[in-house]
Amino acid sequence: MLMNSLFLEQMKELLGDEYEQYLAVLDQPAGRGIRVNTLKTTADELFELADLTVQKSPFADNGYYVKAESSLGRMNAYKAGLFYVQEPSASSAVTILDPKPGMKVLDLCAAPGSKSTQIAEKLGSDGFLCLNEYMKNRIQPLVENVEQHGISNAMILNNDTADIAKAFPEFFDAVLCDAPCSGEGMFRKEEEAVRQWSPEYVELCAQRQREILDNAEKCLKPGGVLVYSTCTLNRIENEQTVLHFLNAHDNMVMEDAGVTFGRKALISDHHIDRAVRIFPMDGGEGHFIAKMRKQGTSQNEKIRTLPQSRIPSEADAFFREMLSTQYPYHYVFRDRVYGGSAPFFEAKGCRLIRNQVYLGEIIKKRFEPSHQFFMSSYSSFRRTVQLSDEEAEKYLHGEQIPHPCAKGWYAVMWHGHALGGAKSDGTYLKNKYPKQLRLR
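Numbering (my numbering), first residue to last: 1076 to 1515.
Dropping the structure here:
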């Protein structure tokens, strides 16, 4: 790995006696990690179903280091949404945010969804999760990860953070600002991060981070928690960005991270040394996490909830046939039917990509269910077909499955977990697994 000499000088100054150890670690293969999706399964069940060699990670209760010869993303358990592949130390930010069921939480820079899905695991179906991503080309991976993970209470937006601040003033109990950064903690995994690094790029990232943090504060309720995190190592994007923010916002104070992993941040002004640094020598690729709380009293800004929609008769009949438990909230827009475990909130002035669970749409006076309908952890199905390991592999490749049964729609299950949907003609299951997700 050929690294910029100015970067190496920076790291030598940061690490002192540990510099040589840092270089030695970078010459080793990057660690791999997974997080058990507790919306759908338990660690014990996952490790019975999937051939994985794991070791507990210190960064999250449901996080593990993993050794795997085959591609994790091709496993049946992965396609069923039972685990998420994540660099181990990346789970530290949500552990420090510590969201609770019932909270309203914003992930301001959400794609591809690693921290978003972790927040959802903490909330369960009780609470509201708003996921924003500015880059249009990063939206689709975020949507797919939310669907596969089975999240039933997430709104996905595609906006500048300033738009989010206008739409949701002092609304959220907790805000995660996992800001775009120079990615120095990803050098071992991403050669592009090494190539694009320069002092000028670091400064550009810091300017952007300051703007994003300012907007994050506007979204946060008084008494709420803001976590700022990066996957970079320099002071400019980490301690100095937090210092700039705290100097500009006397209503924000540092809080202890409440964890035992990592090491203290490098400056003590405003108690910034309560923030956590993780270097590659600490069991992860590299992260910085600062936890802050907003002081003051709430202005009680009201965000309008959308009225409950009347469910079209075609959809209502389908839901009653397929589901043993109905969604408590529904919203209908242009024949597209949405369900959720949380109220539907208005996102005024925002580009709305997904509002909780897209259940399906009315086409030619019949209801056509979506893939998300089958993947949602809230969905409890009456009509199911259970596939063997071999049949599940064929299903994920897009093949039709011989399976005599009554005609109609079914949730396709593998060891009791949904992989997607299929429609039976009485003899074969017509494969409805999305083409873009199929194994090749």
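Yeah, the Cβ is synthetic: ideal placement off N, Cα and C, and Gly gets one too.
With a beta-carbon spacing of about 14 Å, F1420 and M1178 fall beyond the 8 Å limit used to define contacts. In the same chain as V1300, and ignoring 5 residues on each side of it, the C-beta atoms closer than 6 Å to its own belong to A1249 and R1368, in chain order. The beta carbon of H1319 sits closer than 7 Å to the beta carbons of R1285 from its chain, once the five residues preceding and following it are set aside; these are given in chain order. Secondary-structure assignment with DSSP links L1181 through a beta bridge to C1205 and V1250. DSSP places I1239 in the helix class (H, G or I) of the three-state scheme. Contact between G1358 and P1133 holds: their C-beta atoms lie close to 7 Å from each other, under 8 Å.
Runs of the alpha helix (DSSP H) spanning 4 or more residues and lying entirely within the stretch 1424-1454 occur at 1446-1450, in chain order. When beta bridges are read from the DSSP output, S1304 appears opposite D1253 and I1364.
Cα atoms of L1204 and E1095: separation of roughly 42 Å, rounded to the nearest angstrom. As far as DSSP is concerned, R1270 takes part in no beta bridge. The count of Cβ pairs closer than 8 Å, one atom from the stretch 1142-1161 and one from the stretch 1117-1125, reaches three, so the stretches are in contact. DSSP places M1230 in the strand class (E or B) of the three-state scheme.
Membership of M1086 in the alpha helix (DSSP H) is indicated by the continuous run S1080 to L1090. Annotation for E1222: H1446, Q1447 and M1450 place their beta carbon closer than 7 Å to its own, counting only its chain and skipping 5 residues before and after. K1366 sits buried, since 16 or more C-beta atoms from the chains shown fall within 10 Å of its C-beta. Secondary structure note for L1504: its beta strand (DSSP E) is the uninterrupted segment Y1503 to N1506. The DSSP-derived three-state label of V1141 is strand.
Rounded to whole angstroms, the separation of the alpha carbons of I1353 and K1142 is 21 Å. Under the 8 Å Cβ criterion, the stretch 1273-1285 does not count as touching the stretch 1206-1219, having fewer than three qualifying pairs. Selection Y1453, N1313, L1494 and A1422 evaluated against P1244 yields A1422 as nearest (Cα-Cα).
Residue pairing from DSSP places K1131 in a beta bridge opposite Y1139. In this structure, L1183 is the residue among L1183, N1079, Y1470 and E1267 with its C-alpha nearest to the C-alpha of D1235. Here DSSP, grouped into helix, strand and coil, assigns L1114 to coil. The residue among R1107, E1292 and G1148 with its C-alpha nearest the C-alpha of G1371 is E1292. Cβ-Cβ distances below 7 Å link I1378 to F1243, F1246, F1420 and E1421 in the same chain, with the five nearest sequence neighbours on each side left out; the list follows chain order.
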